[in-house]
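Asker:
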Amino acid sequence: MKTRLSKSSIGASEIQSVVEVLKKGYLGMGEEVSKLEQELASYLGGTASVVCVSSGTAALQLALEAYDVGEGDEVIVPSFTYVATFQAISATGATPVPVDVEYDSGFISLTEVQARMNKKTKAIMPVHYASSCRNIEQFYDLSEATGIPIVEDAAHSFGGMCGQRKIGSFGETICFSFDGIKNITCGEGGAVVTANSAVAQRVKDARLLGVEKDTEQRYSGSRSWDFDVSRQGWRYHMSNINAAIGRAQLHRINEFTQQRQLLAKVYVDELKDEKKINLFIDNLEGICPHIFPIKIDASLRSKVETDLDHEEVEFGYHYKPNHLLSYFKDLSQSFSVSELLWDEVITLPLHYDLKRSDVERICKIVKESINGD
Ligand SMILES: *Cc1c(COP(=O)(O)O)cnc(C)c1O
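Heads up: the sequence shown begins at 498 in our numbering, then just goes up one per residue.
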């Protein structure tokens, strides 16, 4: 059987929760979504608002729009991220402005951001690559000094800590993804977590076609008929079915975090002394690792790929730099670190249902591959 790169872990409680929603017959956005939002807010410490939407990409788009990001504006973003981050920005009408990342962490480089800021810069979107929050505080200092908001793409890091604080419990506006393979899943889904109440209200309205205060109506079991719409909105709300899966998953977050940490720790212990391998993550303290990418010299990587293939171990490449994609190419300059990472990166399997022995086996394949002849 193939060892999968990533997958969800769905148990009896998720299935039962969905069945209950189906039996109740209220499938759209209602009570379950409201409860998931309250439970997420209390999990994160209770001060920020949580607004659930149909995907992580939708969360990023609506968060930016809530800050009035649109045509003619620029949003600074690492080139080395999933295309979702870029598409969310361009969906607002704004231009994604790629910058390079740090080789060590894959995190957006603060100095590169500072060098690219100008009058058109309307937001900065750091990505928590491989669940790291790196020097996010320094980005908030920059935001404080310039008035340019930070919208965090924390799709990789739900359930993790940044130092002593939970990711999503500090900062201003943080977006999570609950798609099928993320740290917790709703099937598909996402959330905007924000300490800014005006942003929260704008996202709430925007996810329901811009119908003002429709969220409040739906949570009390009714809907709006005689309403007003004063700006562009989208059909980006979350359904009760997806929320029910998310609620069951949120109950299991500690279990998920422990297992992901344990598996990532096996990778680190097994691979950290290999001269031909560079890790992104070596300090796992507090994080809930979503993926386990490593860097291997480009001349050795294809051999490792062949050997993993042969042993039926799936692998991936997080990520192809976005400035190399046709749609975003006219923005193109060269970003040497992102391009080097694209040549060297390979992502090894990491998900809740893997066992320690699976990870040991994968490490053995990788080590034999790079050290053999
Ligand atoms: C998954 C992901 C997203 C988008 O989330 P979806 O829920 O799949 O839309 C955005 N950014 C990054 C880095 C991701 O990994």
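Think of the CB as a built atom: it goes at the ideal place given N, C-alpha and C, for glycine as much as any other residue.
#1: Excluding the 5 residues flanking residue 734 on each side, which residues of the same chain have their C-beta closer than 7 Å to its C-beta?
#2: Extract the residue ranges of the alpha helix (DSSP H) inside the segment 633 to 710, only unbroken runs of 4 or more that lie entirely within it.
#3: I'd like the span of the alpha helix (DSSP H) that includes residue 793, first residue to last.
#4: Consider the Cβ of residue 686: report whether some Cβ of chain D lies at a distance smaller than 7 Å.
#5: In three-state terms, what does DSSP make of residue 743?
#6: Under 7 Å between the Cβ atoms of residue 505 and residue 686?
#7: Among residues of its own chain, excluding the 5 on either side of residue 510, which ones have a beta-carbon nearer than 6 Å to its beta-carbon?
#8: Just to confirm, is the Cβ distance from residue 696 to residue 672 under 7 Å?
#9: Going by beta-carbon coordinates alone, are residue 628 and residue 787 separated by less than 7 Å?
#10: Give the secondary structure of residue 820 by DSSP, where H, G and I count as helix, E and B as strand, and everything else as coil.
#11: Fully enclosed by the segment 590 to 635, which beta strand (DSSP E) runs are 3 residues long or longer?
#12: Any chance the CB of residue 740 is under 6 Å from a heavy atom of ligand 1?
#13: Report the residue ranges of all alpha helix (DSSP H) runs contained in full by the segment 499 to 586; include only those spanning at least 4 residues, in chain order.
#14: Determine the direct distance from the alpha carbon of residue 839 to that of residue 803, and round the result to whole angstroms.
#15: Can you say whether residue 824 is buried or exposed, counting buried as having 16 or more other CB atoms within 10 angstroms of its CB?
#16: Less than 7 Å between the C-beta atoms of residue 846 and residue 500, yes or no?
#17: Verify whether the separation of the beta carbon atoms of residue 620 and residue 646 is less than 7 Å.
#18: Is the segment 573 to 592 close to the segment 634 to 653, with three or more CB pairs under 8 Å?
#19: Helix, strand or coil for residue 837? Go by DSSP, reduced to three states.
#20: Can you determine whether any heavy atom of ligand 1 sits closer than 6 Å to the C-beta of residue 674, and answer yes or no?
#21: Pick from 669, 513, 683, 812: whose alpha carbon is nearest that of residue 856?
#22: When DSSP labels each residue in this structure, what does residue 851 get in the three-state scheme?
#23: What are the residues that DSSP puts in a beta bridge with residue 732?
Answerer: With the given structure in hand:
#1: To locate residue 734, count along the sequence shown from 1; it is residue 237. Counting only Cβ-Cβ distances below 7 Å, and skipping sequence neighbours, we find 526, 550, 551, 704, 705.
#2: 633 to 643, 694 to 703
#3: Looking up residue 793 in the sequence shown gives position 296. Careful: residue 793 lies outside any alpha helix (DSSP H), inside the beta strand (DSSP E) at 789 to 793.
#4: In the displayed structure, chain D is absent; only one protein chain is listed.
#5: The residue given as residue 743 occupies position 246 in the sequence shown. Helix at residue 743.
#6: On the sequence shown, residue 505 is found 8 positions in, with the first residue counted as 1. On the sequence shown, residue 686 is found 189 positions in, with the first residue counted as 1. Taking 7 Å as the Cβ cut-off, residue 505 and residue 686 do not qualify as a contacting pair.
#7: Locating residue 510 in the sequence shown gives position 13, where the first residue counts as 1. The answer, listed in chain order, is 745.
#8: Your numbering for residue 696 matches position 199 in the sequence shown. Your numbering for residue 672 matches position 175 in the sequence shown. Their beta carbons are not under 7 Å apart, which means residue 696 does not touch residue 672 by this criterion.
#9: The count along the sequence shown starts at 1 and reaches residue 628 at position 131. The count along the sequence shown starts at 1 and reaches residue 787 at position 290. Cβ atoms of residue 628 and residue 787: closer than 7 Å.
#10: Taking the first residue of the sequence shown as position 1, residue 820 is located at position 323. Residue 820: helix per DSSP, three-state reduction.
#11: 592 to 596, 618 to 621
#12: Start at 1 with the first residue of the sequence shown, and residue 740 comes out as number 243. No.
#13: 509 to 521, 528 to 540, 553 to 563
#14: By one-based count along the sequence shown, residue 803 stands at place 306. By one-based count along the sequence shown, residue 839 stands at place 342. In a straight line, the C-alpha of residue 803 is about 18 Å away from that of residue 839.
#15: Numbered from 1 along the sequence shown, position 327 holds the residue referred to as residue 824. So residue 824 counts as exposed.
#16: The residue labelled residue 846 in the question sits at position 349 within the sequence shown. The residue labelled residue 500 in the question sits at position 3 within the sequence shown. Taking 7 Å as the Cβ cut-off, residue 846 and residue 500 qualify as a contacting pair.
#17: Counted from its first residue, the sequence shown places residue 620 at position 123. Counted from its first residue, the sequence shown places residue 646 at position 149. Yes, these two residues count as a Cβ contact at 7 Å.
#18: yes
#19: Working through the sequence shown from its first residue, we reach residue 837 at position 340. Residue 837: helix per DSSP, three-state reduction.
#20: Taking the sequence shown and counting its residues from 1, one reaches residue 674 at position 177. Result yes, Cβ under 6 Å from ligand 1.
#21: For this step, residue 856 is matched to residue 359 along the sequence shown. It is 812 whose Cα lies nearest to the Cα of residue 856.
#22: Against the sequence shown, residue 851 aligns to sequence position 354. Residue 851 falls in the coil class under three-state DSSP.
#23: One-based indexing of the sequence shown puts residue 732 at position 235. Looking at the DSSP assignment, residue 732 forms a beta bridge with 705.
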